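Worksheet for the structure shown next.
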Amino acid sequence: MKAQLQSLVLQALQSLRASGQWSLPDPLPAISIELPKQKEHGDYATTVCMALAKSMRVNPRALAQAVADAFPGKGLFQSIEIAGPGFLNFRLKPAAWHLVVEDILRQGERFGAASPAQADKIMVEYVSANPTGPLHVGHGRGAVVGDVIATLLQWAGHDVTREFYVNDAGAQIQNLGASIHARYRELLGLPFEIPEDGYKGDYLIPLARELQSKHGADKAEATPETIAEFARFGARRLLDRINDDLLALGVRMDSYSSEQAMVEAGGVENALQTLRGSGFIYPHDGAEWFKSKELGDEKDRVVVRSDGRTTYLASDIAYHKNKLDRGYTRLINIWGADHHGYIARVKAAVAALGLDPGRLQVVLTQMVNVVRQVVDENGQVHAEAVKSSKREGNFVVLREVIDEAGRDATRFFFVMRSAASQLDFDVELARKQSNDNPVFYVQYGHARVCSILRKAEEDGIPIPPASPEALAPLVHEDELNLIQLIGSLPEVIQNCAARLEPHHLVFFLDQTVAAFHAWYQKGAADPSLRVLCEDRTAAGARLLLASAIRQALANGLTVLGVSAPERM
RNA sequence: GCGCCCGUAGCUCAGUUGGAUAGAGCGUCGGACUACGAAUCCGAAGGCCCAAGGUUCGAAUCCUUGCGGGCGCGCCA
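For the first sequence, the positions run 485 to 1052 when our numbering is used.
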């Protein structure tokens, strides 16, 4: 509806220009359509006349009046008013809203999705954890944010691939091998020492036990070969475990990209050659440096150490080159906020490869605090935070949270706040099956609509085919507001996709359910306002609206990857 | 010291990329069930939008400075 209005305003402005009486700038500015906070200001408003009047040096109200006079498609509008300093306020006729309901029901499960007019080939890369331990809650947030952003982009009409970059090369993996080896020696009753920067968590013990039953004491000596073997074994097992956790979250990747495989295929050397060829790499102090400073980074960075080993950045340059070589026109990376300092150098890498660094967008997810509420003797509620720190082994494991709160609640909580804000994850609240849990509030709304539709069927109340006549009884303010709300789902999805911000969709769902509950509740006081009321014509129209509400809620929940139960 | 994020109701957070009288949930107080599902709804109280300047018809939103909190700043990943 917003988009339609936008094009009508545009047509009006163009016809003003054609009339020759107004010297409108060319090109015209973007026409923003807004939702007035107060209903007296109409269903929609535009501020474009105020913006234009400034540059044209004319009276904004006079311009607004001219736009209103020239407005096409007046039949849809109950009123078009000039207000305040130059707002143009639109109020639609009920019949115009009825078309929205028809449209939603016609589109069904596709309602909210855009036709792929200008599809980009996009890679969303997320999770990308080292296979050196279980996922913790921070990874979980990244996983869900990435997954939902990928879905949003698909719904916005793009061609999207979800990829997990497996950091299975380098020092971390060596540490893993050495740590497992230490545990292995421990099981053998030999003296052992977990490396200083190794992995101290208990989760390595079962892996060591497996190796013990396989090899006995044959591998007691820490040869480089043995460490490498243990590292490969551990990385494989831990990656399996990571995938189990992702599956429990409902996160499914399309593709995995192994750093080790890329190294072995010569990808890193190849990328370095390319940059040497274009003069972005120079030797200094026995190492090789990437000229990232002249491409926007704070300083230059080492890519080949003085001992000849490449750095993590070298791999990452190669990996991003690899993604671009595979034909992706947009790269979206979901990273934990602790990696923010890394953005500039990877963007510099993209630029050094001769491409627009704007092709790479990085979404940073801020820290997750898992909190548990404790009520003291004064009734004061305190949130106890559990800090996560992977190295020390006392982190909050994602799996524990999923097992406790469930998949739906975990996903919902991870996307309900802006990724830029730190998140307090209240496990007690997430598992609560009650009204103060926002997940259940939304799901209950969906189940309740389903219940009405079910009751209608049981009672033999027919739902007519959607048509202007069948929908004509929908004239109540609550009903028209509800239509406006659910009709905005496509805009909400577009907006979320464009901004890479899923949380707006959560607010849409919450707001829609609240409006539905309020509408429903009016029927308790006045039976003539019930969906299943005596007047079967009205009942039919309201059942059509209920179906459309159900569809909007179900589609929104589907994008979030949260189930839409028919009963609870 | 430098960089990024955050600062909005008692608490947790939205705020449609600069619009009209700043919103929601929780919590508090007061109401509505012989039910189209009360896992709900209605109402009340609660604000110097961290501070000070600036930009303009108009600022929670943009700019500058400062304050407070978080996270980073390696030839680690």
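Built from N, CA and C at the ideal position, the CB exists for glycine as well.
As the structure is a prediction and not an experimental result, all values here were calculated from the model.
Given residue i, which residues of its chain have a CB within under 8 Å of its CB, disregarding the five upstream and five downstream residues?
i, result
"V629", "Y610, I818, V847, T849, F898, V899, A903 and P986"
"Q656", "N614 and T616"
"K1006", "D962 and L1013"
"L808", "L815, V834, L837, L839 and R843"
Among the options, which one has its Cα closest to the Cα of residue i?
i, options, result
"V1015", "P679, I945 and M540", "I945"
"P974", "Q1035, E961, A548 and M1052", "Q1035"
"A662", "F714, L671 and N651", "F714"
"L489", "P544, G557, A502 and L508", "G557"
"S516", "R501, S491 and H623", "S491"
"P708", "N754, Q658, S742 and S741", "Q658"
"F991", "V650, V852, Q549 and P922", "P922"
"L1027", "E941, A982, G622 and R646", "E941"
"H804", "A835, G792 and I726", "A835"
"L536", "P511, S739 and V926", "P511"
"R725", "G838, P618 and D604", "P618"
"D604", "G770, D1010, G1007 and A982", "A982"
"S935", "T1042, A1030 and F909", "A1030"
"F571", "P544, G685 and K775", "P544"
"D643", "R575, A653, A552 and Q602", "Q602"
"D840", "S790, A798, T645 and R814", "R814"
"E586", "H960, G1024, L1041 and L955", "L955"
"C528", "Q968, Y683 and A998", "Looking at the sequence itself, residue 528 is Tyr, so the reference to Cys does not match. Nearest option by C-alpha distance: Q968."
"A749", "D728, S799 and R901", "S799"
"I606", "S599, A634, G624 and P600", "A634"
"R760", "H960, N979, F774 and D769", "F774"
"L560", "G504, G622 and M485", "M485"
Under 6 Å Cβ to Cβ from residue i, same chain only, skipping five residues before and after it: list those, please.
i, result
"G1045", "G734 and R895"
"E772", "I765, V787 and V788"
"R736", "none"
"H930", "L1037 and A1048"
"R667", "L688, I689 and A692"
"I1033", "V933, I970 and F1000"
"E670", "F676"
"Q864", "Low confidence applies to Q864: its pLDDT is 48, below 50, so where it sits in the model is not reliable enough to give any reading."
"R875", "For R875, the predicted model reports a pLDDT of 37, less than 50, meaning its position is unreliable; a value from the coordinates is still stated below. Counting only Cβ-Cβ distances below 6 Å, and skipping sequence neighbours, we find nothing."
"A597", "W639"
Going by the beta-carbon positions, is the gap between residue i and residue j smaller than 8 Å?
i, j, result
"L674", "G718", "no"
"A640", "R883", "no"
"Q845", "I801", "no"
"H525", "N573", "yes"
"L636", "A554", "no"
"C533", "L547", "yes"
"Y925", "D994", "yes"
"E753", "N1039", "no"
"D908", "V855", "yes"
"D784", "S790", "no"
"S742", "D652", "yes"
"Q562", "L576", "yes"
"A701", "L723", "no"
"M851", "A889", "no"
Who are the near neighbours of residue i in its chain, counting only those whose CB is closer than 7 Å to its CB and skipping five residues on each side?
i, result
"G780", "A828, K831 and A832"
"Q498", "none"
"H665", "A706, T710, I711 and F714"
"Y1022", "Per the sequence presented here, residue 1022 reads as Ala, with Tyr not at that position. Taken in chain order, the residues that qualify are P957."
"A1070", "There is simply no residue 1070 to check, as the chain begins at 485 and stops at 1052 in what is shown."
"I566", "R545, A548, Q549, A552 and L572"
Since residue i is in the beta strand (DSSP E), which residue starts that stretch and which ends it?
i, result
"W773", "A771 to F774"
"I566", "F561 to A567"
"W819", "R814 to G820"
"H768", "I765 to H768"
Ends of the alpha helix (DSSP H) at residue i?
i, result
"D643", "Not the alpha helix (DSSP H): D643 falls in the beta strand (DSSP E), residues D643 to V650."
"N543", "First-last for N543: undefined, no H or E at that position."
"N979", "L973 to R983"
Count the C-beta pairs between the segment 948-964 and the segment 580-589 that are closer than 8 Å, then say yes if the count reaches three, no if not. Yes, since at least three Cβ pairs between the segment 948-964 and the segment 580-589 fall closer than 8 Å, the two stretches touch.
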